[in-house]
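Take the sequence shown: its letters are residues -22 to -1, 1 to 530, numbered as in mature numbering (1 follows the signal peptide of the UniProt record, and there is no 0). Yeah, the Cβ is synthetic: ideal placement off N, Cα and C, and Gly gets one too.
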Amino acid sequence: MVRLLSCFALWLLLAGSLPVRAAAGEFPLDVRVLPAESEPAAVARPLPEPGWRNRVLSSAAPRATLLIRPQSGAWPPGDWVLQLRISPLHRVQLEQGEQRSAWTRGLNPQPGLHAGHGDVAFALAELPPGNAPLRVHLDSSGVLASTIALRLLPADEYRAQDAAWLAYAGATLAVMVAMAMMALLFAAYLRDSSFLWYAGYLLAYVWILGLQSGFLAAPLGLSFTAGGSPLSGRIATAAAVACAAMFLDRFAHLDVYAPRLRRGLHLLAGAIVLSSLASVLPSEAWVQAARALTNPLIILGGPLLLVTALWAALRGSRYALIFAIGWAPLLAVTVMGSLQMFGLFSAWRWLDNAGMGAGAFEALVLSAGLAYRSMELRRDRDSARHLADVDPLTGLLNRRAWSERVRRLMADQPDGLCVLFIDLDHFKALNDAHGHDLGDRALADVAACLKRSLRAHDLLARHGGEELVAALPRCGLDAAARIAEQLRRAASNLRFAAEGPQGESPRLTLSIGVARQRPGESLESLIRRADAAMYTAKRSGRDRVEVDREGA
């Protein structure tokens, strides 16, 4: 399993780099940033590496304009695509000469304006003459400002990369949704809340990735209002962290392995939920306070989850170790993506898509852990059922379990069932003479002997004390009598490691009563008739078989 997951993780990293590999035909650009559209071009600052992640917008300056010119001094001929890697919540407008496009954004793509998926990309059938600039106006008002990277690519090359991105994004998101659906089924079947919290976390995280990448809008075609997507993103982020905290608690048994850190996780989850609820209140002050509080809580939540999982793993929780293995890559990718906002790792384009790969990897790792957990739960339940159904001394079914199964057989075969009522002769005398230990061993040996002598589908049980019962499905009365005689002979040949008063080994015999089910007869009535036949065998000298033929 570890080797398989390692291979899949490597595949995710390689596949995630495909949509952002260095473009052979990328055209070099000279990009300068104007803090606001109205300011003169003289104050524009250069953007040294436009293809890297650059911080252009901020909460203090939510609007800016990019002046884009060719480094070579002339635009190339042919069909090109201007690709902008920017938050799909930001508004973008392209200005080319005297023409301006409509304002658009990744989550509200304008029909016929976007060239592909996952980015804001403008198809340029004709570039400006000479060295005339393209202008891209940016607006992050009302949302968290993100970094931006831009490239000018040949249209054919962009379409190939766009198709690769669609395949990669669709595959990774589908893996996460499939694992969430599987977890919901297991939650309903096993009645284990761990699976429910896990499904909630995965679905919330899929929603976050769909918003961040624009996948929900294109290709899925969902539409969002200007304020609806940031709000749903905040709620989904809070839900993801809260569900992850509760999942780790149940999954790794933090009440046993990390009780103090568990309380901290509960407080964190509660605070995140409350701050998310406050963000939907009509009061602007509450909304601003909630926004200011939510992000620090979420930033704290990721490392706290990892530290808690590692601590519980060190204390002996295997499930906590599985959680840490799945969570660590996702946390690392998230932290590095956040640090791009401050100029670190800005050249790592693959981080744009690594969140999807890390999320799919985590989903598979944790699903494997949940599958192992479900097998353990099933083993525990089977073991508990076995202990509830089986007599510990003889290993046979107990009276209750045997009665339940025989009633089902009687319902299926209303007149084709025989019952043997078996009693060990002089068992009390054996106990008195040789002790209860030998008596217990003798009873267990007789039970094993009878079980070997019966047919595979016959049901043998300890009825109580030294009394045994056997149900013989699809068996006539004469055949049942022959089977009972075989059992009696097999038991009479058993010897036990003890000596009697004359130096002989003690010997046990059986008295067996046989009765066949009558049409519509209850199990209790059938057992009473077999019991009566057994007592007839006792009165007739023991070590014999008696058949109840009344009404047979």
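Buried or exposed for A(-1), going by 16 or more other Cβ atoms inside 10 Å? Here A(-1) scores only 48 on pLDDT, less than 50, and its place in the model should not be relied on; the value that follows carries that caveat. With a threshold of 16 other beta carbon atoms within 10 Å, A(-1) falls short and is exposed.
Mind listing, in chain order, the continuous alpha helix (DSSP H) runs of no fewer than 4 residues lying wholly within the stretch 168 to 218? Listed in chain order, they are 171 to 191.
At 3 residues or longer, what runs of the beta strand (DSSP E) sit wholly inside the stretch 337 to 403? Annotation: the stretch 337 to 403 contains the following complete segments of the beta strand (DSSP E) (minimum length 3 residues), in chain order: 395 to 402.
Counting Cβ pairs closer than 8 Å, one from the stretch 88 to 97 and one from the stretch 190 to 201, do we hit at least three? Yes, the stretch 88 to 97 is in contact with the stretch 190 to 201.
Residue span of the alpha helix (DSSP H) that contains S470, given as start and end: S470: member of the alpha helix (DSSP H) spanning 455 to 470, first to last residue.
Helix, strand or coil, according to DSSP, for V98 in the structure here? Residue state, collapsed to three classes: strand.
Please name the residue or residues paired with S489 in a DSSP beta bridge. Looking at the DSSP assignment, S489 forms a beta bridge with D401, R522.
I need the boundaries of the beta strand (DSSP E) containing P132, first residue and last residue. Looking at the DSSP string, the run of the beta strand (DSSP E) that includes P132 is 127 to 132.
Going by CA-CA distance only, name the one from L283, L232, A267, V234 that's closest to A218. Nearest C-alpha to A218: L283.
Please report the distance separating the alpha-carbon of A42 from that of L239. Linking A42 to L239 through their CA atoms gives a straight-line distance of about 44 Å.
Between residue 583 and the rest of its own chain, which residues show a CB-CB distance below 8 Å, the 5 nearest in sequence each way excluded? Any answer about residue 583 is impossible in this case: the structure gives the chain only from -22 up to 530.
Beta carbon proximity, A267 to chain B, threshold 8 Å: In the structure shown, chain B cannot be found, because there is only a single protein chain.
Whole angstroms are fine: how far does the CA of L209 sit from the CA of A256? Within the model, the alpha-carbon separation for A256 versus L209 is close to 11 Å.
Below 8 Å on the Cβ atoms is my guess for L62 versus A80; work out the distance and round it to an integer in Å. Not a contact, Cβ separation roughly 15 Å.
Per-residue burial, L504 [other beta carbons within 10 Å of its own, 16 or more giving buried]: It counts as buried.
Can you tell me which of the three DSSP states R41 falls into? In the structure shown, the three-state DSSP call for R41 is strand.
Below 8 Å on the Cβ atoms is my contact criterion, and I expect R458 with L398 to pass it. Report the Cβ-Cβ distance as a whole number of Å. Inspection of the sequence shows that residue 458 is occupied by Ala rather than by Arg. Contact flag correct, Cβ pair sits at about 7 Å.
Does R23 pass the burial test, meaning 16 or more other C-beta atoms within 10 Å, or should it be called exposed? So R23 ends up on the exposed side.
Please state whether DSSP places Q61 in a helix, a strand or coil. Strand, per DSSP.
For the beta strand (DSSP E) containing G120, name the first residue and the last one. Under the DSSP assignment, G120 falls outside any beta strand (DSSP E); it carries neither an H nor an E label.
Tell whether a beta-carbon distance below 8 Å holds between A236 and R293. Cβ distance < 8 Å, so A236 and R293 count as in contact.
Looking at the structure shown, is A510 part of a helix, part of a strand, or coil, going by DSSP? Under the three-state reduction of DSSP output, A510 falls in the helix class.
Mind checking which residues open and close the beta strand (DSSP E) that includes G90? Counted as a single uninterrupted DSSP element, the stretch harbouring G90 is not any beta strand (DSSP E), since DSSP gives it neither H nor E.
Can you check whether the CB of W58 is closer than 8 Å to the CB of A141? The Cβ atoms of A141 and W58 do not sit closer than 8 Å to each other.
Among residues of its own chain, excluding the 5 on either side of A103, which ones have a beta-carbon nearer than 7 Å to its beta-carbon? Once the five neighbours on either side are set aside, the close Cβ partners of A103 are D57.
Check whether the Cβ atoms of T150 and M334 lie closer than 8 Å to each other. Cβ atoms of T150 and M334: closer than 8 Å.
How is Q71 classed by DSSP in three states: helix, strand or coil? DSSP places Q71 in strand when its eight states are reduced to three.
Counting Cβ pairs, one atom from each stretch, are 3 or more of them under 8 Å apart for the stretch 427 to 444 and the stretch 373 to 383? Taking 8 Å as the limit for Cβ pairs, the verdict is that the stretch 373 to 383 does touch the stretch 427 to 444.
Just how far apart, CA to CA, sit L317 and A247? L317 and A247: Cα-Cα distance of roughly 24 Å.
Is the CB-CB distance between V492 and V447 below 8 Å? No. Outside cutoff.
Return the residue from the list L189, L163, L501, G242 that minimises the CA-CA distance to M388. For the set L189, L163, L501, G242, the Cα lying nearest the Cα of M388 is the one of L501.
Inter-residue CB distance, R78 and Q71 (contact presumed, cutoff 8 Å): Contact holds; Cβ gap of about 6 Å.
According to DSSP, which residues form a beta bridge with A449? Bridge partners of A449: V397, L437.
Anyone know if the C-beta pair for residue 537 and L45 falls short of 8 Å? For residue 537 there is no data in the structure shown, the boundaries of the chain being -22 and 530.
Helix, strand or coil at R(-2) according to DSSP, with G and I counted as helix: In this prediction, R(-2) scores a pLDDT of 48, lower than 50, which makes its location untrustworthy; the coordinate-derived value is nonetheless stated afterwards. The answer is coil: DSSP assigns R(-2) none of H, G, I, E or B.
Under 8 Å between C-beta atoms of F301 and L342: When the beta-carbon positions are compared, F301 and L342 stay at least 8 Å from each other.
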